[in-house]
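The next block holds one structure in the form of structure tokens; read it before the comments.
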Amino acid sequence: MNPSPLLRVQDMGKRFGGFVVLDGIDFEVYPGERLGLIGPNGSGKSTTVNCLSGVLSHDTGQIRFDGQLLDGLKPHQRAYAGLARSFQIPRPFARLSVLKNIKVPMMFAAEQRSGQRLRETALDDQARQALQQVGLLAKADLLAGSLTQIDLRKLELARAIAAQPKLLIADESMAGLATSETDEILALLFQLNSQGIAVIMIEHIMRAVSAFSQRLVVLAAGKKIADGPTQEVLRDPLVERIYLGD
Ligand SMILES: Nc1ncnc2c1ncn2[C@@H]1O[C@H](COP(=O)(O)OP(=O)(O)OP(=O)(O)O)[C@@H](O)[C@H]1O
Ligand SMILES: [Mg+2]
10 MNPSPLLRVQ DMGKRFGGFV VLDGIDFEVY PGERLGLIGP NGSGKSTTVN
60 CLSGVLSHDT GQIRFDGQLL DGLKPHQRAY AGLARSFQIP RPFARLSVLK
110 NIKVPMMFAA EQRSGQRLRE TALDDQARQA LQQVGLLAKA DLLAGSLTQI
160 DLRKLELARA IAAQPKLLIA DESMAGLATS ETDEILALLF QLNSQGIAVI
210 MIEHIMRAVS AFSQRLVVLA AGKKIADGPT QEVLRDPLVE RIYLGD
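Residue numbering for the sequence shown follows the working numbering, starting at 10 and increasing by one per position.
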């Protein structure tokens, strides 16, 4: 028997002016699952993440997460419900320490939520734990602006998981990295998943996507064109023609 889905997206649509970016998107993510979300540039992957995380509001459809309807909720409310995302282009506070980069958004989220500040020690512990999880604890006191590209990606993931999410959506965490660095992020995402976090990996690096994903959802021009076990989807002639063939 299948468990109930952690995330259920039904008929999600989004337009920018007259331009339909997402059209009738349906998919599910199960607790602890590793899902790959792929598709050509501009197919709507980041817009999907933005609608799920509340950065954008979707125009049609419903988003259910962990038994709760997310429609209309603000990003920090969705984060509190357990939905975390990393941004495709990390924008850290370059002049703050690595540790502060985790603590500032956590503080903001706690204040938005309850109007109260988190106790400093609790905040510090939680932020350090997130840094430890991504292997950045030794660099906690460095300025974020001095980090290398891969460490910036790790910082972005640490920020996302600091609130101990049930689902992490990683939007191109490997883009622009060398192969050995890609493997490091891949191992990190596997490790977070083994701690019970469901992960949606958005990625163009097919070697990483196919190694990681138990299931793939494929978008093309704002529509879902495939959804199923990774190897089956990769053999799908339509997916080959539209995405893999180039
Ligand atoms: N704020 C916006 N206003 C208008 N159009 C937008 C906006 N954001 C994205 N778009 C358009 O929506 C489409 C989908 O963009 P999106 O960023 O979701 O694609 P993507 O699948 O994440 O692509 P990539 O693989 O390049 O990251 C693109 O045509 C893009 O130009
Ligand atoms: Mg994108």
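Glycine included, every Cβ here is placed at the ideal spot set by N, Cα and C. Being a predicted model, the structure only gives us computed values, none of them experimental.
| Check | Outcome |
| --- | --- |
| Which one of V227, L146, L164 has the shortest CA to CA distance from G51? | V227 |
| Find the nearest neighbour of R168 within the set A149, G185, S55, G237, judged by alpha-carbon distance. | A149 |
| Using a Cβ distance threshold of 8 Å, determine whether the stretch 145 to 163 contacts the stretch 81 to 94, with at least three qualifying pairs required. | no |
| For a test of the three-state rule: what should DSSP assign to R128, helix, strand or coil? | coil |
| Tell whether a beta-carbon distance below 8 Å holds between D75 and K23. | no |
| When you measure from the CB of K163 to every non-hydrogen atom of ligand 2, does any distance come out below 7 Å? | no |
| Whole angstroms are fine: how far does the CA of M210 sit from the CA of R250? | 22 Å |
| Could you check where the beta strand (DSSP E) with A93 kicks off and where it finishes? | 92 to 95 |
| State the CB to CB distance for the pair L151 and S203, rounded to an integer number of angstroms; the pair is presumed to be in contact (CB under 8 Å). | 28 Å between Cβ atoms; not a contact. |
| Under three-state DSSP, which class holds L44? | strand |
| Would you mind working out which of P114, Q77, D192, Q240 sits nearest S95, comparing C-alpha positions? | P114 |
| Taking 5 Å as the limit, tell me which residues put their C-beta closer than that to any heavy atom of ligand 1, in chain order. | F25, V30, N50, G51, S52, G53, K54, S55, T56 |
| Could you check whether the Cβ of E212 sits closer than 7 Å to any heavy atom belonging to ligand 2? | no |
| Per DSSP, what kind of secondary structure is P246 in: helix, strand or coil? | helix |
| Just curious, the beta strand (DSSP E) that E37 is in, first and last residue? | 28 to 38 |
| Straight-line CA distance for R73 to L164? | 28 Å |
| What residues in its chain sit with their C-beta under 7 Å from that of S55, if we drop five residues either side in the sequence? | Q97, D180 |
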